[in-house]
Every structure is written in structure tokens, then in C-alpha cells.
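J.:
There are 2 protein chains.
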Amino acid sequence: MNRRIITISREFGSGGRSIGKQLAERLGYKYYDKELIDKLVEKTGYDKKVIEKEGEYAPGKNIFAYAFVGRTIDGMSVSDYLWKEQREMILEIAEKENCVIVGRCADYILRDRKDVLNVYIHADKEFRAKRIVELYGESDEKPVKRLEDKDAKRAVNYRYYTDRKWGMSQNYHIALDSGVLGMDKCVEMILSALSC
Amino acid sequence: MNRRIITISREFGSGGRSIGKQLAERLGYKYYDKELIDKLVEKTGYDKKVIEKEGEYAPGKNIFAYAFVGRTIDGMSVSDYLWKEQREMILEIAEKENCVIVGRCADYILRDRKDVLNVYIHADKEFRAKRIVELYGESDEKPVKRLEDKDAKRAVNYRYYTDRKWGMSQNYHIALDSGVLGMDKCVEMILSALSC
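Taken in sequence, the protein lines are chains A and B.
Okay, so the first sequence: first residue is 6 according to the working numbering, each after it adds one.
Okay, so the second sequence: first residue is 6 according to the working numbering, each after it adds one.
(1) Do you know how far the Cα of Lys119 of chain A is from the Cα of Leu32 of chain A?
(2) Going along chain B, which residues have a C-beta under 9 Å from Lys89 of chain A?
(3) DSSP three-state label for Ala99 of chain B, please.
(4) The alpha helix (DSSP H) that contains Asn162 of chain B, what's its start and end?
(5) Hey, quick one: how far does the beta strand (DSSP E) through Ala180 of chain B stretch, first residue to last?
(6) So, helix, strand or coil for Leu122 of chain B, using DSSP?
(7) Of the residues that make up the stretch 180-196 of chain A, which ones have a beta carbon closer than 8 Å to any beta carbon in chain B?
(8) In the structure shown, what three-state DSSP assignment does Met81 of chain B receive?
(9) Taking the alpha carbon of Glu131 of chain A as the reference point, which residue from A:Glu59, A:Ala198, A:Ser183 and A:Tyr51 has its own alpha carbon closest?
(10) Mind listing the chain A neighbours of Gly172 of chain B? Cutoff is C-beta to C-beta under 7 Å, in chain order.
(11) Contact criterion: CB-CB distance below 7 Å. Does Tyr113 of chain A meet it with respect to chain B?
(12) Take Gly21 of chain B as the anchor and find which of B:Val107, B:Ser144, B:Lys135 and B:Val83 has the nearest alpha-carbon.
(13) Roughly how many whole angstroms lie between the Cα atoms of Glu100 of chain A and Asp117 of chain B?
(14) In the stretch 90-110 of chain B, which residues sit with their C-beta less than 9 Å from some C-beta in chain A, listed in chain order?
(15) If you run the structure through DSSP and keep just helix, strand and coil, what is Lys48 of chain A?
(16) My guess is that Glu16 of chain B and His127 of chain B are in contact by the Cβ rule of under 8 Å, so how many angstroms apart are they, rounded?
(17) On a CA-only basis, which of A:Ser82, A:Tyr163 and A:Lys26 is nearest Glu191 of chain A? Give me that one, please.
(18) Please report how far the alpha carbon of Val105 of chain B lies from the alpha carbon of Ile11 of chain A, in whole angstroms.
(19) List, in chain order, every chain A residue whose beta-carbon is nearer than 9 Å to that of Tyr125 of chain B.
(20) Can you tell me which of the three DSSP states Val14 of chain B falls into?
(21) If contacts are defined as beta-carbon pairs under 8 Å, then Leu28 of chain A and Met94 of chain A qualify, I think. What distance do you get, rounded to the angstrom?
(22) Please decide whether Ala198 of chain B counts as near chain A, where near means a Cβ-Cβ distance under 7 Å.
(23) Hey, could you find the ends of the alpha helix (DSSP H) Lys170 of chain A is sitting in?
(24) Just to confirm, are Lys35 of chain B and Glu90 of chain B a CB contact at a threshold of 7 Å?
(25) Excluding the 5 residues flanking Gly18 of chain A on each side, which residues of the same chain have their C-beta closer than 6 Å to its C-beta?
In C-alpha cells form, the structure reads like this:
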């Protein structure tokens, strides 16, 4: 069975996005990351900034904070509403085209499909801290603190919507340390697995 | 940097051992799994059955059970004593030869070396249950129950001696789903990563 959809979950700064982009280019697949936000803006009418904030990250580290974020007219929280809309969008995209989808719990959302390859990219903090400073520049916050915050938010979001632990090998077909293996090797390894 | 030591952690029935054996054969590396038990028998004088029971598995799922297992003359529990001896043995082996080591928290024990590739092999329960019946035959216990028990023991042992969560992607350079990818593909992917 050829895997015509690749989902990439990744620690912040690990290069998962670059790996995803390279894969999409090499394969001629459509690439979805921030593109999903634009589609969601179009679909829901919500402001892009709200979607960026609520769409992938939890509002705080505390899972209970979810309940108090604000509600849509039908009583659903904004996060839950955006999750529902985004989920439907991802299911539709997967149905219609070959693609690489970064983040957004796509591994979980597409778990019943047999044509999906789920990948997780991680690296140690030193590697990632150096990389985020190179990519995004310095900020008031220390780079290690920045990545710990982002990772914590992703983990809470993943747990909340999937009831799974983010980063557990069992959730992915392939999990790779991009810091040790290098980005190009990760791309090659993932490509070599697509025919499974 | 060439990785001249491969550690393989694996869910019970996932084929991690077969993958390790194939790697050792292909690379001409020494293979350590049950071989470590024989060495430990020789080194400590403990009975093979005791070592098999205590050497890799915790005596029960409950981490506190460790404290009550029995003690050596210097007050250490048998598990702790065997862990200490096994740890030293693994450090020595890694120092002197190219090898594949299956289980025994070798990824953690060798974490300071830069010539080690840490691999985790997992697969879904259906795949593993089928495989353990083919390999080890039927038993009174249902195969899924058997593998859940073994995995739980390995997870407790790993947590106890490493303070890490067994199966978290971050502990390994490569984690692979052998049920989806197939054994041969896993071997190829690991071989392709050795030059990192």
C-alpha cells in the first residue's frame, strides 16, 4: 500500500516543517501547515490571529483553562469549534489529494485511513534552541524557555483532543531525531518508507 | 560519526529481536540479548532463572514491589545488584566491540557515548499477538494479555532504573512501527542511519 498522505508532528525547532516541505516538493504533494489557517479563516470567518492562537495551541498549560476561553453562540468553546472545523477540513483534504500535513493532530484525525504515514520529528534542546535563534532571531525570552513553552502547549492540545500522550512512539509509524540524523537523512528515510 | 553500537528497545512480540539479529549479521557485529544473561550468570554466580526473572523485568507492575524482593548481603535488592553488574558489563562491552544490544536499558546506560544509535521497535497489539502465538505457541493466557503483561513489566523496569518513560520518542534516535513498515524495511532504515 502506498502512503499518499504524510502527517508530521514535531517538537518546536526540530525542523519538522522543513522536512515536511522537502517531502512535499520531492513528491509533488500538496503541503499544509499555515495553509490550513488561511483555509480556516475563509471557512469560519474568524480572525487569523484568533485561529493562530487557538488553532493548534491550547490557551495555557493547564488543561482546565480550555473551559474558560470564550464560547461560540452554540455554546462550544472557540478552541473546540475551530478543532471541529479543522478536523472536517483535514478529512476532506485527505480524501481528495496527496499531501503532507504538519501538526494539527492530523495523525489522530486520519487514524482510520490506511494510506497515511505518521511521522514524529524531535531533537535535543540544545540543537533546537540554536536553530530557533537562527530562524526566528533573539527574543526577550531565552530560546530554551521558548521551546519548552511551545512544546508544552502542543502536548496539552494533543492530549486534550486525542486523549493520547504527545511524542509516544506508538502514535507514529516513524519517529526520528533530526538533530542526530540530520534533516536530509530524515527526508530520505521517510521517502523510503512510503511504499509500506 | 559512525555508530558502531546499536541498542534496540522493543515491545514484546514486535520483532525487535529479529531485527537486531539481522542487523548484527549484516554488519558482522556481536549480538547481545540472552547472551548477556549467560555472562551475568558467570559473573555473579546467580542462578540463570533468577537472572532471567530479575534481570530485565520488574517483579511486578507496582514500582514499590521492588523494595521487597529479597536482598543481597550488602543490603542491595537482588534486582538492584543485578542491574549494577549488568550495567558495568554493558559499559565494558560497548568499550571493546561493535555490537547490537537488545533490551536491558542499554540506551540509557550508554547515553553519554556518541557512537551509539538507539532504536525502538513497536507494533500494534493485533500484529504482535499473532506473532507471539506463531513464535511461542498458545498458552493458557490470552496472547494480548501476555504482551500487555510483558510490556508493563518492561516499562516499570525502565522507569525505575532510568527515570524515563519507556517508549517516548525522545529516548531514541529512531522509533519504528514494524507491523506497518515490515521487518526488512526496519533493518534497511536502521542501516541507512548508521553513518549519522
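Even glycine gets a Cβ: it sits at the ideal position worked out from N, Cα and C.
T.: So, from the listed chains and residues:
(1) 19 Å
(2) Ordered by position in chain B, no residue passes the 9 Å Cβ test against Lys89 of chain A, which lies about 27 Å from the chain.
(3) helix
(4) Pro148 to Thr167
(5) Ile179 to Asp182
(6) strand
(7) The stretch 180-196 of chain A vs chain B, Cβ under 8 Å: Ala180, Leu181, Asp182, Val185, Leu186, Gly187, Lys190, Glu193 and Met194.
(8) coil
(9) A:Ser183
(10) Met173, Ser174 and Gln175
(11) With 7 Å as the cut-off, Tyr113 of chain A does not count as an interface residue toward chain B.
(12) B:Val107
(13) Computed Cα separation, rounded: 45 Å.
(14) Cβ contacts with chain A: none found.
(15) helix
(16) 5 Å
(17) Rather than Glu, the amino acid found at residue 191 of chain A in this sequence is Cys. Cys191 of chain A has its Cα closest to that of A:Lys26, out of A:Ser82, A:Tyr163 and A:Lys26.
(18) 31 Å
(19) The contacting residues are Ser174 and Ala180.
(20) Val is not the amino acid found at residue 14 of chain B; the sequence shown has Ser there. Ser14 of chain B falls in the strand class under three-state DSSP.
(21) Their Cβ separation, rounded to whole angstroms, is 20 Å, which puts Leu28 of chain A and Met94 of chain A out of contact at 8 Å.
(22) The beta carbon of Ala198 of chain B sits closer than 7 Å to some beta carbon of chain A.
(23) Per DSSP, Lys170 of chain A belongs to no alpha helix (DSSP H) and is neither H nor E.
(24) no
(25) Arg133, Arg136, Ile137 and Leu152
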